[in-house]
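In this note's numbering, each residue's number is its place in the sequence shown (first place is 1) plus 643.
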Amino acid sequence: MWYFTPYILFPLTAAMLAMMAMFQAWSYRQLPVAQVFLGMMACTVWWSLCNALELSHTTVEGKILLSSIQYISVVGVPFFWLLFALFYTNRAHVVSRRLLLVLLTLQGSFLLGAWTNSWHRLMWPTVELTYTANGLWVLTGPNGPLWYASVLNAYGMVLVGTVLMISQARRSRALYRAQAISLLIGALLPWVTSILFVTGLSPIPSIDTTPVAFALSGLVFTVAMRRFRVLDILPAAREMIVDQMPDAIIVLDTGNRVIDLNPAAQSILAVSVDVLGRSLAEVAPYWLVDQVRDRYEGQFEVNHTHALGTTTYDLRCTTLRDRDGNPTGRILVLRDITLFKQAALALQEAKEAAEAANQAKSAFLATMSHELRTPLTAILGYSEFVRQDLQSRGLDDLTADLNRIITSGRHLLTLINDILDYARIEANAVKIHPEPVNIALLINDVVSTLQGLATQRQNTLTVAVEPDVPPIVTDPIRLRQVLLNLVGNACKFTEQGTIHVHCYRSAADMIQIDVRDTGIGIAADQLQRLFQPFMQLDNSTTRRYGGTGLGLAISQRLCRAMGGEIVVKSEPGCGSTFSVRLPLVEVTQWRHEQELEGV
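This is the structure in structure tokens:
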């Protein structure tokens, strides 16, 4: 029933090489063209394996059964080849459901005819088992009309796909032409041998050498996958992407001859002749040739002055190399950035105008704050003088209204001072004057100043300074201003709670002052905006607690001017912790640096 013949090595080799080609294409399986290619190779594997089994079988029934099973691939390969040619040549829109249904119905009818041949004998009228001179048991006999129809249909599909591939090869550039030619060779080899077998011109009579050709076909496809990057770079990709790109793309070889370009580059060259193969100096304008003469890598800006003005291009040069790293040419990409440059210039002018307006605004705020603070200070001074005079006369019933005037005036003065400080910061007019500072004394002084506010809101205000905190060098006035704002806020937003100020060394070169309270807390989504100017938590907070929303913004900028920062941790209803972090510059080190600067 079974016997060994060395002829089965050819279809087995064909199956192995076709599987190698499938392995190469598997990584592209998400692409329709790759899916069709995998189907074509799967049919090749099936055809080759079935053919190997048929060659090594000795009964008529077994050979007929294997031939019928093998016919799945016989009708499948031309079907997939036609689809592959359509996808590869960018004609995927032709592959409609109606076309697929027609092709599947047609091929399915031939397959059904092969499987039911014993009923109608339209495929093979008679079949005999013959022992050939080559030592093979083969099926012989005449072919029926259905067989000829299936052969003509298969050859017709192959012919259409082949014409499409030849057309693609003729109009493709060098890389894609090599792709198309390699695929054509791989596809045509089996069909040439099949035609020789059908016409009786095969060099080995009575043996279908199609599987042998499939071995060579699988080898060609494998080489095409690795060498010419089939399924990696398709002509369709170039036509759909490169040719439609607004950027001009020019590919030059090592002799500066144009070997590829897209329509955008053709418009820059502005020549009607075919530029492929000609020197860039012959077909390109002088300004372009001069700019790219000695440029092989990098990004440059190129200006072209003409009658209508100046066009600016972004030029990118890249050296092309082979697999061994040797230069094979270069690619030039020119992008018209004229409008971008004009927009950037307009944006720069608008930015400068905005900065000038901002400086004018800051100057206006500083001037107006100063002009408002001067008369307000006089009003407060005279109000306090009048209040003292009334108190000395025993007219305490008249001082209630003056107290309201003084309280409102001081509140207004605080707001004006905040605006003046922020205006100075915006105008970069704030100067930092570092000097040795006893941090413990400064913190205690701040706490003593705000003790009354804490008591007024029934809060407990405590302070702790670790003994290892040495005197530091910083601006005492600005640090006092920051701490007054943070501790004042803690007292203002806390009722019947505790405020604790803790100073310690958080690192060898850093001190940290934590202001922790048990107040209302801050939501997580509001922490990001907390240090923005004029920021308040919400309208109800503004109405209840007042303020301009500048205190934290000013404090953060002052801390950064002193080389530090403010960070915050908070949860609604659980209080907040504001931490001032400052670099630790010890007094002895600072004095030594001052002496060196003096020298």
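No residue lacks a Cβ here, since even glycine has one placed at the ideal position from N, Cα and C.
According to DSSP, residue pairing for P1079 in a beta bridge involves V1116. If you ignore the 5 residues before and after V718, its C-beta comes within less than 6 Å of the C-beta of Q750, F753 and L754, all in its own chain and listed in chain order.
By the Cβ test, the segment 888–905 is in contact with the segment 919–927, since at least three Cβ pairs between them sit closer than 8 Å.
Distance from the CA of L832 to the CA of T775, rounded to the nearest whole angstrom, comes to 25 Å. Membership of S1198 in the alpha helix (DSSP H) is indicated by the continuous run G1194 to A1204. Between L655 and K706, the C-beta spacing is not below 8 Å. Counting only runs of at least 3 residues, the segment 1140–1177 fully encloses the following beta strand (DSSP E) elements, listed from N- to C-terminal order: 1141–1150 and 1153–1160. M644 counts as exposed, since fewer than 16 other C-beta atoms from the protein chains shown sit within 10 angstroms of its C-beta. For the pair W724 and L802, the Cα-to-Cα distance works out to about 10 Å. Collapsing the DSSP output to three states places T961 in a strand.
Looking at the DSSP output, W645 shares a beta bridge with H700. Between V1112 and V1158, the C-beta spacing is not below 8 Å. About 14 Å separates the beta carbons of S716 and W758, which is beyond the 8 Å limit, so they are not a contact pair. Pairing Q1139 with F1174, the inter-Cα distance amounts to about 26 Å. Cβ neighbours of T1092 within its own chain (closer than 8 Å, five residues either side excluded): L1127. The Cβ atoms of W767 and N786 lie closer than 8 Å to each other. The three-state reading of DSSP puts Q942 in strand, counting E and B together.
Take the alpha-carbon of V1108 and the one of N1087: they are about 9 Å apart. For T648, same chain residues with a beta-carbon under 7 Å away, outside a window of 5 residues either side, are L698, S699, G778 and L779 in chain order. In the DSSP assignment, Y956 forms a beta bridge with V945 and D979.
Within the same chain, and ignoring the five residues on either side of N760 in sequence, the residues whose Cβ sits closer than 7 Å to its Cβ are M766 and W767. T962 counts as exposed, since fewer than 16 other C-beta atoms from the protein chains shown sit within 10 angstroms of its C-beta. Contact annotation: L1104 and I1156 have beta-carbon atoms that are not nearer than 8 Å. Within the segment 765–790, the runs of beta strand (DSSP E) at least 3 residues long that lie entirely inside it are, in chain order, 771–774 and 780–783.
Relative to G1216, the option among A1204, Q713, L951 and I1163 whose CA is nearest is I1163. Listed in chain order, the beta strand (DSSP E) runs fully inside the segment 884–910 are 891–896 and 901–904, counting runs of at least 3 residues.
In the structure shown, P1226 adopts extended strand secondary structure according to DSSP, grouped into three states. When secondary structure is reduced to three states using DSSP, G1037 falls in the coil class, being assigned neither helix nor strand. Out of L990, L1193 and L975, the CA that lies nearest to the CA of L982 is found in L990. The three-state reading of DSSP puts P1215 in coil, since its state is none of H, G, I, E or B. G972 is bridged by DSSP to D896 and L963.
Taking all protein chains in view, the Cβ of F680 is crowded by 16 or more other Cβ atoms within 10 Å, so the residue is classified as buried. Separation of Q1099 and V1116 (C-alpha to C-alpha, rounded to the nearest whole angstrom) is 34 Å.
Annotation: the continuous beta strand (DSSP E) that includes L1104 extends over T1103 to V1108. An exposed status is given to P970, since fewer than 16 other beta-carbon atoms sit within 10 Å of its beta-carbon.
The Cβ neighbour count for M1153, taken over all protein chains shown within 10 Å, is under 16; the residue is labelled exposed.
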